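In the numbering used here, the protein residues as written are 666 to 1053.
The beta-carbon is built from N, C-alpha and C at its ideal position, and this holds for glycine as well.
From a predicted model like this one, the values you see are computed outputs, not experimental measurements.
Below: the structure, in structure tokens.
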């Protein structure tokens, strides 16, 4: 899978989520802008009032050269993009980052690297306007000889816009979507992780920190910086545990899974761990048939399709290696070639939004029939097709 394909998948996934949002703009939604100094911002981070989740620093995309340029800009009082925060629903005076996480981690990691291990090495490098500060750590910068630059850094202002008293999470998804619709799209999963904290949310991140078959499919050799791997795992778990609860609203479907499993992790812990093993097994089985570059792609094609991948994972994760004899594989490939035809109901259901329960039911049930006939299985129909 090409990295541009990941961008496309994130854009499409984000659009599906936003399409589910019902915005109720009311007088209860207020935004305030204020200038906070670097020192104030760091104190808010240190006290835990601004949620950064630095444990998963490998997910963050900046390099030390870009981090250094931000510190240089702050020292020189050059304008930097604003930070956008939202007050937490559950904890007063605590804030979720809607835009600016990389900037905040850069500042926190430069000041206190051992706690916020965001920099590879927290030393300024490749500075063009303040070259004498190259090779400076925070310790060197704070020495008497550099006090002017150090004070300028601490007292530099950053504009922060805060969203208060939002009536629902929907407005936060909408704001996040609008702020992050640039050249490098961010997955809604990042916001979802902040809004729905808990042990299952941590599991999604921790399990996808380990490079496995899912990363091979995505064509990456490290955890995805936009959390697409975590989002795919969340959707897979949601489908396997509660597919028949899907009502056409993907955002609610995924949010409710996070809420349920976070609240009752002791009950679901072993189930989810086994499902994660099933996911890896399913990808490996499918790879043995079609090759890694064709997982999640139509017959004789290479382009990754997220909806197709979801369906394939759901059923192949429930097969075993013993099911894949030569005759069964031949039946599957022949049937999958027919499903891949551009005029087939299966393929047409793939280009329809997953926001319709009918389209989801069509693709899952047609693929279920193929799996049952190819591998002599008896998977039940979890999604009866209903008129909409």
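Less than 9 Å between the beta carbons of residue 824 and residue 748, yes or no? yes
Can you check which of these residues, 698, 995, 769 and 893, is closest to residue 718 by C-alpha distance? 769
Could you check how far apart the C-beta atoms of residue 729 and residue 790 are, in whole angstroms? I think they sit under 8 Å. 6 Å
Within this structure, are the beta carbons of residue 801 and residue 682 separated by less than 9 Å? no
What runs of the beta strand (DSSP E), each 3 residues or longer, lie entirely inside the stretch 708 to 761? 748 to 752
Return the bridge partner residues of residue 976 from the DSSP annotation. Answer is none; residue 976 lacks a bridge partner.
Thinking just about the alpha-carbon of each residue, which of 945, 928, 868 and 821 is nearest to the one in residue 882? 945
Nearest-angstrom Cα separation, counted from residue 761 out to residue 1022: 32 Å
Given 8 Å as the limit, is there contact between the stretch 942 to 962 and the stretch 983 to 1001, that is, 3 or more CB pairs closer than that? yes
Report buried or exposed for residue 746, applying the criterion of at least 16 other Cβ atoms within 10 angstroms of its Cβ. exposed
Output yes or no for whether 9 Å exceeds the beta carbon distance between residue 996 and residue 1039. yes
Which partner residues of residue 827 appear in the DSSP bridge assignment? 697 and 750
How many angstroms separate the CA atom of residue 709 from the CA atom of residue 676? 32 Å
Where residue 1052 and residue 781 are concerned, what is the direct C-alpha to C-alpha distance, given to the nearest angstrom? Annotation note: pLDDT 49 at residue 1052 (below 50); position unreliable, coordinate value reported separately. Each residue's Cα considered, the two are about 52 Å apart.
Under the three-state DSSP convention, the category residue 702 falls into: strand
Who are the Cβ neighbours of residue 979 in its own chain at under 6 Å, not counting the five residues just before and after it? 904
Let me make sure I understand the geometry here. Which of 733, 867, 837 and 765 has the alpha-carbon closest to that of residue 695? 837
Can residue 1014 and residue 1033 be called in contact, C-beta distance under 9 Å? no
Please state if the CB of residue 783 and the CB of residue 845 are separated by a distance shorter than 9 Å. no
For residue 860 and residue 764, I'd like the C-alpha separation in whole angstroms. 14 Å
Return helix, strand or coil for residue 764, following the three-state DSSP convention. strand
Thinking C-alpha only, which one of 967, 797, 803 and 912 is nearest residue 786? 803
I need the DSSP call for residue 822, collapsed to helix, strand or coil. strand
From this set, 974, 1008, 921 and 843, which residue's C-alpha is nearest residue 865's C-alpha? 921
Can you confirm whether the stretch 885 to 899 touches the stretch 866 to 874 when touching is taken to mean that 3 or more C-beta pairs between the two stretches lie within less than 8 Å? yes
With DSSP collapsed to three states, give me the class of residue 780. coil
May I ask you to report which of helix, strand or coil DSSP gives residue 885? coil
I need the DSSP call for residue 788, collapsed to helix, strand or coil. coil
By DSSP, does residue 960 sit in helix, in strand, or in coil? coil
Coarse secondary structure for residue 681, derived from DSSP in three states: helix
Rounding to the nearest angstrom, what Cα-Cα distance links residue 971 and residue 1049 in this structure? 22 Å
Applying the criterion that 16 or more other CB atoms from any shown protein chain within 10 Å of the CB defines a buried residue, is residue 756 buried or exposed? exposed
Whole angstroms are fine: how far does the CA of residue 897 sit from the CA of residue 679? 13 Å
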